[in-house]
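In what follows, a structure is listed as structure tokens, so that the remarks can point back to it.
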Amino acid sequence: MSEHTRTGQVVGVNGNMVGVEFAQSVMQNEVAYVRVGEEHLKSEVIRVRGKRAELQVFEDTSGIQIGNTVEFTGQLLSVELGPGLLGQIFDGLQNPLPQLARQYGFFLKRGAYLKALDEQQKWEFTPTVRVGEKVRAGDKLGTVPEKIFEHRIMVPFALHGEWEVTEIVPKGSYAIRTTVAKLKDAAGKVHEVSMVQNWPVKVAIKAYSQKLKPTQPLVTKLRIIDTLVPVAVGGTFCTPGPFGAGKTVLQHLLSRHAEVDIVIVAACGERAGEVVEILEEFPHLVDPRTGKTLMERTIIICNTSSMPVAARESSVYTGVTLAEYYRQMGLNVLLLADSTSRWAQAMREMSGRLEEIPGEEAFPAYLESRIANFYERAGLVRLRDGGVGSVTIGGAVSPAGGNFEEPVTQATLKVVGAFHGLSRDRANARKYPSIDPLDSWSKYTSFIEPEHVRKGAAILKKSNGVNQMMKVVGEEGVSIQEFIDYLKGDFFDAVYLQQNAFDKTDEATAADRQQHVYRLMTEIIDREFQFENKDAARRFFQQLRQSFVNWNSAAFQSEDFKRKEQDIRHQISNGKV
């Protein structure tokens, strides 16, 4: 321990919160280490009052005693940013879990921390600037190939103002800690730049010229989302739903089929079984874009419910910081956080230990602002070189009992641009995705014509109204026209909004196919059908449904696709089976 290291003494332990008294200055949110024998337990300062600070410890606190030494680092909780992140599995503190398992076994050792990036691996660096050029934070100095992408080596985000390039290494293979450039500011101060830099996770990266309004639809290839409740590139959305409603399955297919460059999955406090499922499946999933494994463009932040609760918060912030880093390279990033409810529960637990005045359902009063700050880090940005990058954030919410009125869901709904409410009834009826089209909404626009989208939403609402009426008065209590409206809505739901995840063609529908199919769907919704009785109407739509389901399995614009479309049009024009 250096003689200049600032230290304190433990004066209280309350669960994963430790009270510390100190003599020198201490900074809010700085990292400290609690010494327990030979172990150093990583923690973060969450409150400072006079000469006493409260720390949240990211490890099990058993064994901590009054009088234990605490070492303050003067550094904020940070992550390493550089080539080698893609394909990795980290915990909430950016420890590489596979390396931890190899070194310490499958039961993670307390107080064990490893470097996030391999410092021995060589990367083929190609400079893109010359000596004498002026650069600013976030500007590109060179590139290295990483998986399927060109990874930019950038001017560190912490540098302010304009800097002059005084040295740049020639093209060649270098380790990430090797100095690849030297920069000089107006005062003559020289800064050495390597391929890796550290950045505090709770501070947004803003090394861009302009933040743009998200307008372009993000193609997820899930028809109910793309058509009725779209998400924009650089937008935000949430998927609240009760246990077993399909949140994890939905996120798996979004990560596989959404038209983005990089996917970051932050498993925040989820059950270990679900996290294991992600770790087992993702390396074997084939990326439809590249034909390679999906892990080549994926980063997983793994923090299960059995890990210390304080690490849940760090996993969420680590995920969004890595997303912002790749956005600075002009890439489109999708961050999926599952689930933000577990993070909110961790905040509630820590707030209780701090003895703060509780808000609704004992959540802290600052719950809404914390959730808002997280989602506000999404966005579409214009970089200084004219390129565009984006971070799209989708957060799963796990409300107790599926109650969407609880505080976490309500706080999330105030800040997101789209709400994909999952329904227990639809999940039980084996309707996938189980997004309820009547409860869900979006502030973004679809690539489907708005007038046609409104027609689809209207027939669903009308169909649901007739269905509720029939539950009371029976089928004979409604007119045949009302019954046809009910059948139209039921047909639209069954053949368009639902998809067969076990069918290679139907599990993901490209934008051009959605537009083509939806035009025919609009014709069916608009058409005035005439039937002798309700049984004839029912038979017609049952047969039409089967024809449509078969059509969904045909490859787009194949001969089989065109033939089945002609059969459907003939069926519709005849108005009979």
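Counting in the working numbering, the sequence shown runs from 99 upward without gaps.
By construction, the Cβ of each residue, glycine as well, lies at the ideal position given by its N, Cα and C atoms.
- Going by DSSP, A364 is part of no alpha helix (DSSP H) but of the beta strand (DSSP E) stretching over I360 to E368.
- Looking only at V111, T325 and Q219, the smallest Cα-Cα distance to E549 is reached by T325.
- DSSP, reduced to helix, strand and coil, places N598 outside both helices and strands of the structure shown, so it counts as coil.
- Per DSSP, the continuous alpha helix (DSSP H) segment holding S467 begins and ends at L465 to Y473.
- Between the beta-carbon of T438 and that of G487 there is about 23 Å, and that puts the pair past the 8 Å contact cut.
- Per DSSP, R150 lies in no alpha helix (DSSP H); the unbroken beta strand (DSSP E) holding it starts and ends at R150 to V155.
- For the pair of segments examined, the segment 355 to 370 was found not to touch the segment 224 to 231: the number of CB pairs separated by less than 8 Å stays below three.
- Going by beta carbons, A235 and V263 fall outside the 7 Å limit.
- Per DSSP, K660 is one residue of the alpha helix (DSSP H) stretching across E657 to N672.
- Leaving aside the five residues that flank K632 on each side, the residues in its chain whose CB is nearer than 8 Å to its CB run, in chain order, E573, I578 and F581.
- The Cβ atoms of L432 and G417 do not sit closer than 7 Å to each other.
- Here S439 carries a helix assignment [DSSP, helix/strand/coil].
- Per DSSP, H249 is one residue of the beta strand (DSSP E) stretching across F247 to M252.
- About 19 Å separates the beta carbons of S353 and G190, which is beyond the 8 Å limit, so they are not a contact pair.
- Residue state for H138 is assigned as strand, using DSSP reduced to three classes.
- Residue state for K560 is assigned as helix, using DSSP reduced to three classes.
- Less than 7 Å separates the beta-carbon of L420 from that of I397.
- Ranking R147, C400, E394 and S645 by CA distance to the CA of Q192 puts C400 first.
- Sequence-distant Cβ neighbours of G259 in its own chain, meaning closer than 8 Å and more than five residues away, are R234, D283 and A284.
- Taking all protein chains in view, the Cβ of T388 is surrounded by fewer than 16 other Cβ atoms within 10 Å, so the residue is classified as exposed.
- The beta-bridge partner set that DSSP reports for Y272 consists of W221.
- Around the beta-carbon of A408, 16 or more other beta-carbon atoms lie within 10 Å, marking it buried.
- Given a length threshold of 4 residues, each whole run of the alpha helix (DSSP H) inside the segment 480 to 562 is given here in chain order: 505 to 511 and 522 to 526.
- In this structure, S544 places its C-beta atom within 7 Å of the C-beta atom of P315.
- For L352, the secondary structure class from DSSP, reduced to helix, strand or coil, is helix.
- Secondary structure of M115 (DSSP, three-state): strand.
- Residue range K632 to N650 is occupied by the alpha helix (DSSP H) that includes K632.
- In the displayed model, K213 falls within coil according to three-state DSSP, outside both helix and strand.
- Collapsing the DSSP output to three states places H258 in coil.
- Between the segment 289 to 296 and the segment 470 to 482 there are fewer than three C-beta pairs closer than 8 Å, too few to call the two in contact.
- G110 has G117 as its beta-bridge partners, per DSSP.
- By the neighbour-count definition (other C-beta atoms within 10 Å, threshold 16), Y584 is a buried residue.
- F639 and M567 have their alpha carbons spaced roughly 20 Å apart.
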